Amino acid sequence: MKESETNKYPQNVVEAVAKVLELEVHEQQGAIGTITKIDDMSKVNIMDIYVSTFELPIDGKQICQCVKEVFGIQIDSKYVLPKKRDLRTDYVCGFNVRLIDNYLKELQNQLTGQEIRLLINNIFGINLDAIDSLEKTQISLYSKGQWIVQQASDLFVVHTGIGDIDAWVLPTDYYIEQTGLNELPEQLQQNLSLIGYEYNSDIQGMYYCNPTGEAVEDAFKGRTMRAILSCID
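If you read the sequence shown in my numbering, its first letter stands for residue 27, the second for the next number, and so on.
The structure is reproduced here in structure tokens:
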């Protein structure tokens, strides 16, 4: 099976998952069926299976590579800041990998995919479970200096700033093309206003900045997504 035969995951991920599930990966027709089955699975499920094939000890570099291969998210980036790290501190290449390694030293057992996702959320504020749930919602997410979720037919985009202190909600080009409107629908603007967003004419979207100067909590992110989803529904 060639890596180009699947656009979603690298060949090593597909083969590792297929081996666990006892799916064919080499015979042509069987390989195509395997790719379809794996591509239809949630990223969380893929990560759980993939992580179960790792040999001990698991290190920070392996975890970062796993997140990149499954979710397409670069954890070891200067924009991915630890929750409690001073934003004024200069980024040092490899810092995030070493930070994960320090946390791993305190753990003795084989980590599951779920435990790794919890670790990543606790350290960096990246909720991989929530990100996976956005896959088919028509909401794009730009955060940590990179696209986290993006599909051509998405209607709205949530853009967060450095450290997740502020956020913008904007219409996508696809939404503008399909509706002929340059602004968010009025109902969505009202929904977002109720949780603290304000309309910003410069960006023709809704803007929020946490008055405490700290990263917004997962609960606020969830309210933002629910406000958008209610309008899409």
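Just so it is clear, CB atoms sit at the ideal spot from N, CA and C, and this is done for glycine as well. Just so it is clear, the structure is predicted and the values come from calculations on it, not from any experiment.
When the Cα of residue i is compared with those of the options, which residue comes out closest?
i: Glu-202; options: Ile-64, Lys-87, Phe-182, Asn-217; result: One point to set straight first is that residue 202 is Ile, not Glu, in the sequence displayed. Among Ile-64, Lys-87, Phe-182, Asn-217, the Cα nearest to that of Ile-202 belongs to Phe-182.
i: Asn-217; options: Gln-230, Ile-254, Trp-194; result: Ile-254
i: Arg-252; options: Gln-215, Pro-237, Asp-228; result: Gln-215
i: Gly-139; options: Pro-211, Thr-250, Phe-97; result: Phe-97
i: Asp-199; options: Gln-213, Ile-191, Glu-209; result: Glu-209
i: Ile-229; options: Asp-74, His-185, Ser-159; result: His-185
i: Ser-169; options: Ile-99, Gln-213, Glu-212; result: Ile-99
i: Lys-34; options: Gln-213, Cys-90, Asp-127, Lys-69; result: Lys-69
i: Gly-120; options: Glu-243, Leu-130, Cys-90; result: Cys-90
Assign residue i to buried or exposed, taking buried as 16 or more other Cβ atoms, counted over all protein chains shown, within 10 Å of its Cβ.
i: Asn-38; result: exposed
i: Asn-122; result: buried
i: Pro-83; result: exposed
i: Tyr-234; result: buried
i: Pro-197; result: buried
i: Gly-239; result: exposed
i: Gly-59; result: exposed
i: Arg-124; result: exposed
i: Leu-160; result: buried
i: Leu-220; result: exposed
i: Thr-205; result: exposed
i: Ala-44; result: buried
i: Thr-79; result: exposed
i: Ser-256; result: exposed
i: Asp-244; result: exposed
i: Tyr-223; result: buried
Measure the beta-carbon distance from residue i to residue j and round it to whole angstroms, keeping in mind my assumption that it falls under 8 Å.
i: Ile-258; j: Gln-177; result: With a Cβ gap of about 13 Å, Ile-258 and Gln-177 do not count as contacting.
i: Gly-171; j: Ala-241; result: Actually they do not touch by this definition, with Cβ atoms about 15 Å apart.
i: Val-195; j: Gly-231; result: 6 Å
i: Val-46; j: Ile-64; result: Actually they do not touch by this definition, with Cβ atoms about 11 Å apart.
i: Ile-149; j: Lys-94; result: 16 Å between Cβ atoms; not a contact.
Put residue i into one of helix, strand or coil per three-state DSSP.
i: Tyr-129; result: helix
i: Leu-255; result: helix
i: Ile-152; result: coil
i: Gln-172; result: strand
i: Leu-167; result: strand
i: Gln-136; result: coil
i: Leu-160; result: coil
i: Leu-145; result: helix
i: Glu-48; result: coil
i: Gln-177; result: coil
Quick one: which unbroken alpha helix (DSSP H) runs of 4-plus residues sit fully inside the stretch 180 to 247? Chain order, please. 199 to 205, 212 to 219
Going residue by residue through the stretch 55 to 114, where are the continuous alpha helix (DSSP H) segments of at least 4 residues, counting only ones entirely within it? 69 to 78, 86 to 97
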